[in-house]
Amino acid sequence: MTSLLIKATENLKGSVKGKVVLRDDPNYEGVRKIWNAMIDRRPAVIVRCATEDDVPSAIRFARQNGLDISIRGAGHNIAGNAVCEGGMMIDLSTMKNIRVDVARRRAYVEPGATLADFDEAVQAHGLATPVGINSTTGISGLTLGGGFGWLTRKYGMTIDNLASTDVITANGKKLRASENENADLFWALRGGGGNFGVVTQFEFKLHPVGPEILAGLIVFPLDQAKRVLRQYREFVESAPEELSVWVVLRQAPPLPFLAKEVHGKGVVVLAVFYAGDMAEGEKLIAPLRRFGDAHGEHIGAQPYLQWQKAFDPLLTPGARNYWKSHNFTEFRDEALDTMIQFANRLPSPQCEIFIGLIAGAANRVPADAMAYGHRDAKFVLNVHGRWDDAAHDETCIAWARAFFKASAPYASAGAYVNFMTEDESDRVAAAYGANYARLIQTKRRYDPENVFHLNQNIKP
Ligand SMILES: Cc1cc2nc3c(=O)[nH]c(=O)nc-3n(C[C@H](O)[C@H](O)[C@H](O)COP(=O)(O)OP(=O)(O)OC[C@H]3O[C@@H](n4cnc5c(N)ncnc54)[C@H](O)[C@@H]3O)c2cc1C
C-alpha cells in the first residue's frame, strides 16, 4: 500500500462512523477471514460500516483511489468474493439491526445479520420466512442469490418473501427498490447477487411458524441407498408442502443416537422437517422409517430455532471447501446410481452429497418474475467437498468436480449462483438463462462501469 493511500485513509477515517482497518491493524487478520479457509486474500482497506451512510463514503474512496470493491455480508460464500486482494472490502457484518413490525408481519433487516440473528428476532414473535439451513450464513448473500431452506416448499424462496430493499448504487446514491419503486432494480436484486449496489436494508414478509416444529434425522446404511432413494423420489411427489425431506450421503458423524460402530461408516440420512400439527406430522413421516433398516433415528418436536442450528456443528468455519451444484426437476435411476457411486468413494470424512427439496411454492412463480429464474427446479443437488488439510486439496476438488460432471447429464438447465465456486464464471450466463439479457440491461443502467464486479459477474 502506497504512503499516499495510507494518508488518504486518514480522511476516510474522518468520514465514516465505522472502523477503517488497514493491514497493520491488530484486528486485520481476524477481520479479513471468511468462512471458507481456501480463500486467503488481503484487502488494502477494510471499512467496517456502522451505518448505511458509511457505504457511499467507502464506495467514493475506493473509486477515487482505483481500488476494487468487494462486499461482505457474513462472509459465507464458497467463492469468497466477499474479500478481495489489494482492494477495498466493504464489511457489512457489523450492521445487524433488525426491527420487526408484528402487526404487518414485516422484518427490516440490516445486511450484516446472520440467519441466526434473523431467526431469533422474528421467532420472538412466532414468525419466520424461508432462509437457509446453517445459522451462521448471512441473510445478505443468501437473499441476493435466491435463498431456500426448510420453509421453501410452503412459502417459496427467500426472494419470494422480499418486499423491498434499500440500495447504495455505484454513484453513491441511495435508492429504495420494490415492486413500486425502481422495479427494474428490484427485479434484478432478487437473484442477481451483489452486481447492482450495496444493499443496506432488506424488508421481508413473515409467516407464523412454530415455535415448535417436528424435525430430525433417520439414518440408513449406505448399502441400502438405492432402495431408500427410489422410495424417497416417490414419497416426495405427493408429500404436502408443510413437509420437507432432504437427503445427505456421507460418512456417519458421531451422533449420540447412532451406535459407535456406525460412526464413520457410509450412510444415507433423511433430514425431516414438518411445520404443522404434530400428530398429523407423525402420521406423514411414518412411511419414511420403512424405506430400509435404519441404523437409528432422532425425530421429535423441537423449537424451530433449534432445528435451524442443527447442522451448524458439521458446517463450522475454518475448513477448506469446494462446492458445486445442479438443479433437478426429477431424479432418473442413472442420477441416483451416480450419487451412490460417488458416495462410496468419499475422499474425506466431511465430504458429502446433498439433496435439497424445494418443490412447491417456488415452482408457482413465473420464471421471468425476477432474476432468479429456476422455477422448474424441484431439487438442488450439491456436492460438498470439505476437508481440513491443504494437502488434500487436489483429491477432494477432483472428487467434487468428477461427481459434478458425472451428474450433469441428468440435471435441468441453470444453476444456483449462491453455490458456485470462484472457477465457475463461465457458468454465470447459463445460471440466469433467459433472464440474463435483462440482467445485462439493468447492470448497464445501475452500474455501467462494473464497479461491483467481484461477484458472479454480470458484465455490462
Ligand atoms: C455452510 C453453508 C450452508 C449454506 N446453506 C444454504 C441454504 O440452506 N440455502 C441457500 O439458499 N444457500 C445456502 N448457502 C449458500 C449461501 O446462500 C451463500 O453462500 C451466500 O452468498 C452467503 O451469504 P453471506 O452474506 O454469508 O456471504 P458473503 O460471502 O458475505 O457474500 C456473498 C456475496 O454476496 C454479495 N453481497 C453480500 N452482501 C451484500 C450486500 N449487502 N449488498 C450487495 N451485495 C452483497 C457480494 O457479492 C458477496 O461476495 C450455504 C452456504 C454455506 C457455505
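Position 199 of the sequence shown, counting from 1, maps to 180 under my numbering, and the rest follow consecutively. Glycine included, every Cβ here is placed at the ideal spot set by N, Cα and C.
*Apart from the five residues just before and just after Gly262, which ones in its own chain have a Cβ nearer than 6 Å to its Cβ?*
For Gly262, where only same-chain residues beyond five positions count, the Cβ hits under 6 Å are Leu195, Tyr255.
*Where do the N-terminal and C-terminal ends of the beta strand (DSSP E) with Asp374 fall, by residue?*
Asp374 -> not in any beta strand (DSSP E); alpha helix (DSSP H) instead, spanning 374 to 388.
*When DSSP labels each residue in this structure, what does Arg447 get in the three-state scheme?*
It is not possible to answer for residue 447, since the shown part of the chain is limited to -18 through 441.
*asked:* Can you tell me whether Pro235 is buried or exposed? The criterion is at least 16 other CB atoms within 10 Å of its CB, across all chains shown.
replied: Looking at its Cβ environment, which holds fewer than 16 other Cβ atoms inside 10 Å, Pro235 is exposed.
*Take Pro284 and list the residues in its own chain whose beta-carbon comes closer than 7 Å to its own, dropping the five residues that flank it on each side.*
Gly191, Pro192, Glu193
_Check: Thr402 C-beta below 7 Å from any heavy atom of ligand 1_ = no
*Name the two residues that bound the continuous beta strand (DSSP E) containing Thr146.*
143 to 149
*Could you pull the start and end residues of the beta strand (DSSP E) that Phe216 belongs to?*
Counting along the chain, Phe216 falls outside any beta strand (DSSP E), though it belongs to the alpha helix (DSSP H) covering 206 to 219.
*Indicate the three-state DSSP secondary structure (helix, strand or coil) for Met70 in the structure shown.*
strand
_Taking its Cβ as the centre, do 16 or more other Cβ atoms sit within 10 Å of Ala418, making it buried, or is it exposed?_
exposed
*Is any heavy atom of ligand 1 found at a distance shorter than 7 Å from the C-beta of Arg53?*
yes
*If you run the structure through DSSP and keep just helix, strand and coil, what is Ser121?*
helix
*Find the nearest neighbour of Asp204 within the set Ala389, Gly47, Leu317, Asn436, judged by alpha-carbon distance.*
Leu317
*Quick one, are the C-beta atoms of Val217 and Ala252 less than 8 Å apart?*
no
_To the nearest angstrom, how far is the alpha carbon of Gly113 from that of Leu239?_
26 Å
*Can you give, in chain order, each stretch of the alpha helix (DSSP H) that sits fully within the segment 302 to 366 and has at least 4 residues?*
Qualifying alpha helix (DSSP H) stretches, in chain order: 314 to 324.
*Looking at C-beta atoms only, is the number of pairs between the segment 38 to 48 and the segment 2 to 18 that lie closer than 8 Å three or more?*
Segments in contact, no.
*Compute the Euclidean distance between the alpha carbons of Thr376 and Tyr303, then round it to the nearest angstrom.*
11 Å
*asked:* Quick check on Glu333: buried or exposed, where buried means 16 or more other Cβ atoms within 10 Å of its Cβ?
replied: Buried, because 16 or more other Cβ atoms sit within 10 Å of the Cβ of Glu333.
*Out of Glu(-9), Leu(-14), Ala60, Leu132, state which residue places its alpha-carbon closest to the alpha-carbon of Gly67.*
Leu(-14)
*What whole-angstrom Cβ distance do Val64 and Ile20 have, given they're in contact under 8 Å?*
6 Å
*asked:* Measuring CB atoms only, is the segment 384 to 404 touching the segment 133 to 147, in the sense that at least three cross pairs come out at less than 8 Å?
replied: no
_Member of Gly247, Arg171, Glu184, Lys424 whose CA lies at the smallest distance from the CA of Ala206_ = Gly247
*Can you tell me whether Lys359 is buried or exposed, with buried defined as 16 or more other CB within 10 angstroms of its CB?*
buried
_Cβ pair Ala352, Gly172 closer than 8 Å_ = yes
*Could you tell me which residues DSSP puts in a beta bridge with Val81?*
Ala88
*Contacting residues, own chain, Cβ-Cβ under 6 Å from Glu33 (five flanking each side not counted)*: Thr181
*asked:* Can you determine whether any heavy atom of ligand 1 sits closer than 7 Å to the C-beta of Ala144, and answer yes or no?
replied: no
*Kindly indicate the opening and closing residues of the beta strand (DSSP E) around Trp227.*
Start and end: 224 to 232.
*Quick one: what does DSSP say Ser159 is sitting in, helix, strand or coil?*
strand
*Any heavy atom of ligand 1 closer than 7 Å to the Cβ of Thr376?*
Not so, every heavy atom of ligand 1 lies at least 7 Å from the Cβ.
*Should the segment 284 to 302 be regarded as contacting the segment 363 to 383, the criterion being three or more beta carbon pairs within less than 8 Å?*
Result yes; three or more Cβ-Cβ pairs closer than 8 Å.
*Looking only at its own chain, which residues have a Cβ that is under 8 Å from the Cβ of Ala412, when we skip the five neighbours before and after it?*
Gly395, Ala396, Tyr397, Val398, Met401, Gln437
_Best match in Thr118, Ala88, Gly122, Arg208 for proximity to His106 [C-alpha to C-alpha]_ = Ala88
_Tell me the residue span of the beta strand (DSSP E) that contains Ile50._
50 to 53
*Would you tell me roughly how many angstroms separate the C-alpha atoms of Leu420 and Asp407, rounded to the nearest one?*
16 Å
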